[in-house]
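Data block below; observations after.
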Amino acid sequence: MFSYILKRLAIAVPTLLVLIVISFVLMHSAPGGPFTAERKLPPEVLANLNAKYGLDDPLWKQIGTYVWGIVSDFDFGPSFIYKDRTVNEIIAQGFPITLTYGLLSFVVAVVVGVSLGVAAAVRHNTLLDYIAVGVSIGAQVLPNFVMAPVLVLVFTLWLGWLPGGGWQGPEYWIMPVIALSTSFMASIARITRSSMLEVLTSNHIRTARAKGLPERRVILRHALKPALLPVISYLGPAFVAMITGSVVVDIYFSTGGIGKAFVDSALNRDYAVMMGVTILVGALTIFFNLVVDILYGWIDPKIRY
Amino acid sequence: MKITTLLASSVLALSLAWQAQAANVPEGVTLAQNQTYTFWLLDAIKSMDPQLNTDVEGSDVLRNLFEGLYNEDSKGGLVPGVALSHDVSEDGKTYTFQLRDDAKWSNGEPVTANDFVYAWRRLADPKTASEYAWYIELMQVENAADVIAGKMAPDQLGVTALDDHTLEVKIAAPMPYFPQMLVHTSTFPVPQKVIEANGDNWTRAGTLVGNGAYTLTEHTLGERVVMTKNDTYWDAEHTVLDTLIALTINDVNQGLTRYMAGELDRVDMPAGQYPRMEKEYPDQAISVPYNCSYIYMLNVGPKGPEALKDARVRKALSYAIDRDVIVDRILQGGQHAAYNWTHWATAGFEIPDIEYADWTQAERVEKAKELLAEAGYGPDHPLTLRLQYNTSEDHKKIAIAASQMLKQIGVTLTLDNYEWKVHTDRMQNQDFDMARYAWCGDYNEASTYLDLMASYSGHNNGQFYNDAYDAVIKQSKTAEDPLPLYQEAELILADQMPIIPIYHYAKVFMLKEDIKGWPVDNLNQSWYGKDLYRVAE
Numbered sequence: 023m024f025s026y027i028l029k030r031l032a033i034a035v036p037t038l039l040v041l042i043v044i045s046f047v048l049m050h051s052a053p054g055g056p057f058t059a060e061r062k063l064p065p066e067v068l069a070n071l072n073a074k075y076g077l078d079d080p081l082w083k084q085i086g087t088y089v090w091g092i093v094s095d096f097d098f099g100p101s102f103i104y105k106d107r108t109v110n111e112i113i114a115q116g117f118p119i120t121l122t123y124g125l126l127s128f129v130v131a132v133v134v135g136v137s138l139g140v141a142a143a144v145r146h147n148t149l150l151d152y153i154a155v156g157v158s159i160g161a162q163v164l165p166n167f168v169m170a171p172v173l174v175l176v177f178t179l180w181l182g183w184l185p186g187g188g189w190q191g192p193e194y195w196i197m198p199v200i201a202l203s204t205s206f207m208a209s210i211a212r213i214t215r216s217s218m219l220e221v222l223t224s225n226h227i228r229t230a231r232a233k234g235l236p237e238r239r240v241i242l243r244h245a246l247k248p249a250l251l252p253v254i255s256y257l258g259p260a261f262v263a264m265i266t267g268s269v270v271v272d273i274y275f276s277t278g279g280i281g282k283a284f285v286d287s288a289l290n291r292d293y294a295v296m297m298g299v300t301i302l303v304g305a306l307t308i309f310f311n312l313v314v315d316i317l318y319g320w321i322d323p324k325i326r327y
Numbered sequence: 028m029k030i031t032t033l034l035a036s037s038v039l040a041l042s043l044a045w046q047a048q049a050a051n052v053p054e055g056v057t058l059a060q061n062q063t064y065t066f067w068l069l070d071a072i073k074s075m076d077p078q079l080n081t082d083v084e085g086s087d088v089l090r091n092l093f094e095g096l097y098n099e100d101s102k103g104g105l106v107p108g109v110a111l112s113h114d115v116s117e118d119g120k121t122y123t124f125q126l127r128d129d130a131k132w133s134n135g136e137p138v139t140a141n142d143f144v145y146a147w148r149r150l151a152d153p154k155t156a157s158e159y160a161w162y163i164e165l166m167q168v169e170n171a172a173d174v175i176a177g178k179m180a181p182d183q184l185g186v187t188a189l190d191d192h193t194l195e196v197k198i199a200a201p202m203p204y205f206p207q208m209l210v211h212t213s214t215f216p217v218p219q220k221v222i223e224a225n226g227d228n229w230t231r232a233g234t235l236v237g238n239g240a241y242t243l244t245e246h247t248l249g250e251r252v253v254m255t256k257n258d259t260y261w262d263a264e265h266t267v268l269d270t271l272i273a274l275t276i277n278d279v280n281q282g283l284t285r286y287m288a289g290e291l292d293r294v295d296m297p298a299g300q301y302p303r304m305e306k307e308y309p310d311q312a313i314s315v316p317y318n319c320s321y322i323y324m325l326n327v328g329p330k331g332p333e334a335l336k337d338a339r340v341r342k343a344l345s346y347a348i349d350r351d352v353i354v355d356r357i358l359q360g361g362q363h364a365a366y367n368w369t370h371w372a373t374a375g376f377e378i379p380d381i382e383y384a385d386w387t388q389a390e391r392v393e394k395a396k397e398l399l400a401e402a403g404y405g406p407d408h409p410l411t412l413r414l415q416y417n418t419s420e421d422h423k424k425i426a427i428a429a430s431q432m433l434k435q436i437g438v439t440l441t442l443d444n445y446e447w448k449v450h451t452d453r454m455q456n457q458d459f460d461m462a463r464y465a466w467c468g469d470y471n472e473a474s475t476y477l478d479l480m481a482s483y484s485g486h487n488n489g490q491f492y493n494d495a496y497d498a499v500i501k502q503s504k505t506a507e508d509p510l511p512l513y514q515e516a517e518l519i520l521a522d523q524m525p526i527i528p529i530y531h532y533a534k535v536f537m538l539k540e541d542i543k544g545w546p547v548d549n550l551n552q553s554w555y556g557k558d559l560y561r562v563a564e
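In the order they appear, the protein sequences are chains E and L.
When we follow the working numbering, the leftmost residue of the first sequence carries the number 23, and every step to the right adds one.
When we follow the working numbering, the leftmost residue of the second sequence carries the number 28, and every step to the right adds one.
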């Protein structure tokens, strides 16, 4: 197990390097640059800017300098657009915000999603099942860019209960969490339901029931764990997707999170910020995929490392 | 701007020197207890450094944190800022500014002429790598181009502190509108000691030292900016608003919703909303002329399509576009249909008689068909062109309307939507036939528009090179009354049609009715928190 983790971590390094190189090349091949402006810069000013940010070096050298900065000083460089911020600072400001609403959304999505899914499976083909399926399909098809403005309209403009956006305290967290968690919750509910239905008809559940175990114990102790396997493989990437934020949530609720910063950096050609966030998302994805694989081994005794 | 007006404004500057021109609260008005003003920003502020800022929104914030030589009044005229007045030498090339002696930085130190010298050198210095370095070149400050290019040391720049309160600026050629250019944020003074001590981080909340009416207390990137009244400001006594809060909301519709929920005092209005809001909230919905012009630029250069090299075709395209439909049906916010380049409300400018502006649309279409046939295009030889625009619902609507309008004269437009950077890059590399373009004046004078179409401007992406035009523009620089020359330039544009004017902008916004002092008559819509106040309801 321990050597397996080490091995996976060792593979992560070249994976990240490949990610960096591909992103770097793709980014630089997009038309325009960070200093492309409505008024074309005089060549000498552009030359000064390129020199300041090292953009006049050949691409391989830029990649080298960049990677070396990260390895030696954990320095992701200065933002090309936000002149008084470094990439580290932009991430340090935005990521905790994203992490807060992402983690909360994750908890809400898992708790509500799994409960709904289990309830629907256990009460298969009853009204409860239909309601649960209806809710989750409704939540799935309602995109968050529709839901976010509707939430603001209802809770801010009509009811006046919640602030329409910003990031000043817990009351600002509620709408972003609802908007972000809904579709994940729906997916989790549907996966849980179908997987639970399958497990409930399997032999070991029939055995458990035959032995006269109370239904509650059958479900929670014997059915839930195996039923969660497909859910867990979904949760790894979903978790990363949630904690690295959502551009829709950031735009509609003005949270100042990292999701908006990521999209902006691409549009602004803010190469450094874009690389920083790409590496962050890449590293988190690799890490949580590993966590999922370890969880697999814990839940399913058939899997050995 | 006409020389007479210019002189008047200099005199105005002198005569107002000892007057307070902060919030002008009339007698008998009761001020509200709450003097916080919350306004909307579309995007995160990129820099709080006057010499590095490039955005209109950034300038709105910087005008409150710093103060330049002159400020704008509610009509866009000049009023004293740090400078009380100035003298111009006989040859028009040396300006001497008398600075007030009570101006202070927010750390209590006096603001001196050296702070301006430092800031201006910094703007030009290649080491600063400012994207707005060209502005000091545009101001024609002596040696600016050479300093920017690194051929001369920054201290060779034509700006000198004669003493603590006297600043001398030498410019390369007389330029009557030079003082107008000084309200631009890139010319604002900056505190040398603070910058040297803190490097790039000097613009952080808590570290930033400014000389404006407000100080920076909080800046969460992409979320909010909070500014509080600066007690060391020379006119703090007449500053009424005590807190300015800027909230970043990336979606204009969302901004309007939050305005309606009472979270904002001012917000820009999404296109098409004005008629409804004006009806429902006549005291809050405002539409005023705004210093920008919307055009379709035509590529007449070697990389452009053959058809566009023929002025008859270019005119036909322009005639066929029904501007009234675009402003009255699509934009609906008080924009003006445009048949010329310079914004109609620009100070000292009058639109000359442009023939096709007075025709009916039916006449224009008729003429367009004739011109196109003359140029050899018709059913047997149809004309197809590409029109590119940057991503935006409004640009898309206008482009679709234009393609419908051109269809009636037999021209097919293919629409290409690109994100902003790609759009700009393609334009600057002449990879386009027709491209959506807009220009916002840097100052309120026609040259900010007309210079752009000169062959040497460096911004003339359509590569319209016309000797007569260049000659007129060059002549206007030293003319006592440049207006006839500006009008001549506009007539050349109307005759050659290298650009298709579409409309002149209006600023359309919602402002709470208890906020007073908004400069509705200022074409640049430059506002200063110190001039605003909130009345009790």
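Yeah, the Cβ is synthetic: ideal placement off N, Cα and C, and Gly gets one too.
Any C-beta of chain E under 9 Å from that of residue i
i, result
"D70 of chain L", "yes"
"L325 of chain L", "no"
"S419 of chain L", "no"
"M304 of chain L", "no"
"L43 of chain L", "Its pLDDT being 41, under 50, L43 of chain L is placed unreliably in this model, and the value from its coordinates should be taken loosely. With 9 Å as the cut-off, L43 of chain L does not count as an interface residue toward chain E."
"I175 of chain L", "yes"
"K154 of chain L", "yes"
"L39 of chain L", "Here the model assigns L39 of chain L a pLDDT of 41, short of 50, so the residue's position is not dependable, and the following value carries that caveat. No, no contact with chain E."
"M75 of chain L", "yes"
"V547 of chain L", "no"
"S157 of chain L", "yes"
Member of the options whose CA lies at the smallest distance from the CA of residue i
i, options, result
"V315 of chain L", "L:V438, L:L235, L:M537", "L:M537"
"D129 of chain L", "L:V267, L:A172, L:D258", "L:D258"
"V338 of chain L", "L:G119, L:E84, L:A400", "According to the sequence displayed, residue 338 of chain L carries Ala and not Val. Comparing Cα positions, the closest option is L:A400."
"G86 of chain E", "E:L39, E:G139, E:S101", "E:L39"
"E193 of chain E", "E:V269, E:L219, E:F275, E:V157", "E:F275"
"R127 of chain L", "L:Y97, L:N280, L:G282", "L:Y97"
"A176 of chain L", "L:I381, L:R148, L:T187, L:G95", "L:R148"
"A34 of chain E", "E:I301, E:I103, E:P165, E:A260", "E:I301"
"L246 of chain E", "E:I321, E:G234, E:V130, E:V262", "E:I321"
"P118 of chain E", "E:G54, E:P252, E:W195", "E:W195"
Contact with chain L by residue i, beta-carbon distance below 9 Å
i, result
"W320 of chain E", "no"
"A32 of chain E", "no"
"L71 of chain E", "yes"
"Y26 of chain E", "no"
"T58 of chain E", "yes"
"A277 of chain E", "At residue 277 of chain E the sequence reads Thr, which differs from the Ala that was named. Answer yes: the Cβ-Cβ gap between T277 of chain E and chain L drops below 9 Å somewhere."
DSSP three-state assignment for residue i, whether helix, strand or coil
i, result
"S36 of chain L", "Unreliable placement is indicated for S36 of chain L, whose pLDDT of 41 sits below 50; the coordinate value is still reported in the next sentence. In this structure, S36 of chain L counts as helix in the three-state DSSP scheme."
"I316 of chain E", "helix"
"S276 of chain E", "coil"
"R339 of chain L", "helix"
"T65 of chain L", "strand"
"R561 of chain L", "strand"
"R61 of chain E", "coil"
"G304 of chain E", "helix"
"K324 of chain E", "coil"
"M75 of chain L", "coil"
"A208 of chain E", "helix"
"N487 of chain L", "coil"
"T234 of chain L", "coil"
Any non-hydrogen atom of the ligand FMN closer than 8 Å to residue i Cβ
i, result
"T187 of chain L", "The ligand FMN is absent from the structure shown, which contains no ligand whatsoever."
*asked:* With a threshold of 8 Å, are at least 3 pairs of Cβ atoms found where one atom belongs to the region 175-184 of chain E and the other to the region 98-116 of chain E?
replied: no
*If you measure beta-carbon to beta-carbon, which residues of the region 171-182 of chain E are closer than 8 Å to chain C?*
Here chain C cannot be found, since the structure's protein chains are E and L.
*Within the region 106-188 of chain E, note down every full alpha helix (DSSP H) run reaching 4 residues or more, in order along the chain.*
109-144, 149-163, 166-173
*beta strand (DSSP E) segments (min. 3 residues) lying fully within the region 445-482 of chain L*: 461-467
*Quick check: the region 201-212 of chain E against the region 134-154 of chain E, are there 3 or more CB pairs under 8 Å?*
yes
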